[in-house]
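Residue numbers (our numbering), protein chains in the order written: chain A, 9 to 218; chain B, 9 to 218.
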DNA sequence: TTGCCGCTGTTATATAATTCACAAAGTTAC
DNA sequence: GTAACTTTGTGAATTATATAACAGCGGCAA
Ligand SMILES: NC(=O)c1ccc[n+]([C@@H]2O[C@H](COP(=O)([O-])OP(=O)(O)OC[C@H]3O[C@@H](n4cnc5c(N)ncnc54)[C@H](O)[C@@H]3O)[C@@H](O)[C@H]2O)c1
Ligand SMILES: NC(=O)c1ccc[n+]([C@@H]2O[C@H](COP(=O)([O-])OP(=O)(O)OC[C@H]3O[C@@H](n4cnc5c(N)ncnc54)[C@H](O)[C@@H]3O)[C@@H](O)[C@H]2O)c1
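Next comes the structure, spelled out in structure tokens:
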């Protein structure tokens, strides 16, 4: 079994890559861990530690080669093939997400949309055809999608997730405010905006008193 | 200084409250930690440990009183007054968030919107007037807002955050894919959807190989 | 050359978060 | 009444995560 890696490290690697792309555009060839750390709001030690998992070496005098490191991270994160995703629930949020990730050259491409609303099914949403949720399995298997995004109402999220699993999807990004009950071999990340907002509100009101 | 509490605990408390509201609607009066744990996908010990910070006691025979606990959590999280928030950047994502949190009876109310686009400023967005970003300080101070949501493009997020601080905002929920550089007395939570999606994609592709 | 200097890579340590384990206490069975 | 359960509350142990510490190396100044 492959050496286990925490999702925090993966997330930071993804952030490093983003930063490296920016540095690349600014024609910066080399960068020190301190610089990366400062831009990302972490410590230099953390940066070096994270990069250890890649087996990528920098030079003590020049730092890390920006483009080489970017490529190395991309190889590590994306493996070989580009990742494809689908999204279920093309409401207000779903449409925004779809518009953001569809097309533009980011590393994950959201290439299929699903809904149950007859007003949406069959029509094109931000340039992609919207399928009926019943077509999920066939479309996903055909396109070999491995990632699903749930932006349906909370009460349908569980059933949508189960349909995704039927369609061989292995990772889910869930915007619905529910805890999905799924087999442990499915990776789930919740993006619960309400929870996040309430957490921010709590600390904001605490800071207010001081 | 008040005993420090981690954001993870705050977030879970908020989730417990959500669950308790549901149980309340189902007319369930008492609940055991095991039940709550199962619904939330955590351990029973964690539930009890989290509830310790409230100083709320359950009964070994009946468990926790649903409504009393809900009220206790609400007092703890919201303090006394209802929290008010503003949102800057009424694009695709901002409009969705605005529509979701404006009005409906959740604990945080997004009651003011700001943008720079002349096509939006002055008009009503999902029932609320959209102000120009230059009015941020005066409006926020007048309404005593303490929370800000950033959904502007990445390259303007830092300047928007600084304007929020000028307006006495103490907590920020940031959707823009940048690390904000702010004084340490401002609480920031990043909702980086791209990072989350890439993280999910990574683990999905890993599961695929096994 | 020689002796610093600043950076990387990595081990050791510290802190944070979670789980284990169990005493205390109410309930039920009989 | 009391023995057997069940669950809470919480100190202790464990695990996860982040920081500190430092050896090793190459450049550079004198
Ligand atoms: N909009 C926000 O900013 C926001 C904030 C916090 C949480 N959320 C959560 O995100 C989710 C989506 O929010 P939204 O505002 O876009 O909701 P929405 O009501 O605008 O959209 C939901 C969409 O899902 C579709 N749908 C319903 N059942 C379906 C099914 N079984 N299969 C496929 N599609 C189905 C509906 O037809 C609709 O188009 C909700 O769970 C909501 O709680 C949204
Ligand atoms: N839409 C998504 O699903 C998604 C996903 C990941 C990240 N994001 C991030 O969220 C942010 C918003 O995304 P979006 O899709 O809504 O973008 P958008 O371009 O649709 O909207 C941006 C809005 O911000 C306004 N704006 C620009 N400068 C401003 C300023 N200085 N003050 C106030 N308003 C200003 C613009 O007029 C526009 O209305 C971006 O940073 C984006 O990277 C969005």
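All C-beta atoms, glycine included, are put in the ideal place defined by N, C-alpha and C.
Chain-ordered chain A contacts of residue i [CB-CB under 7 Å]
i                      : result
residue 203 of chain B : 19, 22 and 23
residue 49 of chain B  : 187
residue 195 of chain B : 208, 211, 212 and 215
residue 192 of chain B : Within chain A, no residue comes near residue 192 of chain B; the closest Cβ sits about 10 Å away, beyond 7 Å.
Helix, strand or coil at residue i [DSSP, three-state]
i                      : result
residue 196 of chain B : strand
residue 17 of chain A  : helix
residue 9 of chain A   : Only weak support exists for where residue 9 of chain A lies, its pLDDT of 41 falling under 50; the value from the coordinates is given anyway. In the structure shown, residue 9 of chain A sits in coil (DSSP, three-state: anything other than H, G, I, E or B).
residue 67 of chain B  : strand
residue 42 of chain B  : helix
residue 36 of chain B  : coil
residue 85 of chain A  : helix
residue 188 of chain A : coil
residue 181 of chain B : strand
Of the residues the options, the one placed nearest residue i, counting alpha carbons only
i                      : options                       : result
residue 68 of chain A  : A:39, A:83 and A:81           : A:39
residue 122 of chain B : B:81, B:21 and B:159          : B:159
residue 200 of chain B : B:183, B:12 and B:189         : B:183
residue 119 of chain B : B:101, B:154 and B:85         : B:154
residue 134 of chain B : B:23, B:210, B:109 and B:16   : B:109
residue 42 of chain A  : A:55, A:187 and A:81          : A:55
residue 85 of chain A  : A:174, A:208 and A:26         : A:26
residue 126 of chain A : A:74, A:142, A:190 and A:60   : A:142
residue 30 of chain A  : A:75, A:87 and A:61           : A:75
residue 163 of chain B : B:174, B:175, B:186 and B:149 : B:186
residue 167 of chain B : B:218, B:96 and B:206         : B:96
residue 205 of chain B : A:169, A:116 and A:48         : A:116
residue 36 of chain A  : A:70, A:12, A:90 and A:13     : A:70
residue 49 of chain A  : B:192, B:212 and B:203        : B:192
residue 149 of chain A : A:93, A:202, A:59 and A:47    : A:93
residue 151 of chain A : A:80, A:176, A:61 and A:57    : A:176
residue 23 of chain B  : B:81, B:136 and B:194         : B:81
residue 124 of chain A : A:139, A:12 and A:114         : A:139
residue 211 of chain A : B:214, B:209 and B:197        : B:197
Chain-ordered chain B contacts of residue i [CB-CB under 7 Å]
i                      : result
residue 178 of chain A : 212, 215 and 216
residue 32 of chain A  : Neighbours of residue 32 of chain A on chain B: none; closest Cβ ~16 Å, over 7 Å.
residue 87 of chain A  : 213
Listed by chain order, chain B residues near residue i by CB distance under 8 Å
i                      : result
residue 97 of chain A  : Those within 8 Å of residue 97 of chain A in chain B number zero; the least Cβ separation is about 12 Å.
residue 184 of chain A : Ordered by position in chain B, no residue passes the 8 Å Cβ test against residue 184 of chain A, which lies about 12 Å from the chain.
Partner residues on chain B for residue i, Cβ-Cβ distance less than 9 Å
i                      : result
residue 114 of chain A : 202, 205 and 206
Neighbouring residues, chain A, relative to residue i (Cβ below 9 Å)
i                      : result
residue 109 of chain B : 201, 202 and 205
residue 61 of chain B  : Those do not exist, as residue 61 of chain B stays about 12 Å from chain A at its closest Cβ, beyond 9 Å.
residue 155 of chain B : 205, 208, 209, 212 and 213
Contact test: residue i Cβ vs ligand 4 heavy atom, cutoff 7 Å
i                      : result
residue 100 of chain A : Because ligand 4 does not appear in the structure shown, any question about it cannot be addressed here, the ligands present being ligand 1 and ligand 2.
Next on the checklist: Runs of 4 residues minimum, wholly inside the stretch 88-176 of chain B: which ones carry the alpha helix (DSSP H) assignment?
Outcome noted: 100-109, 144-151 and 162-174
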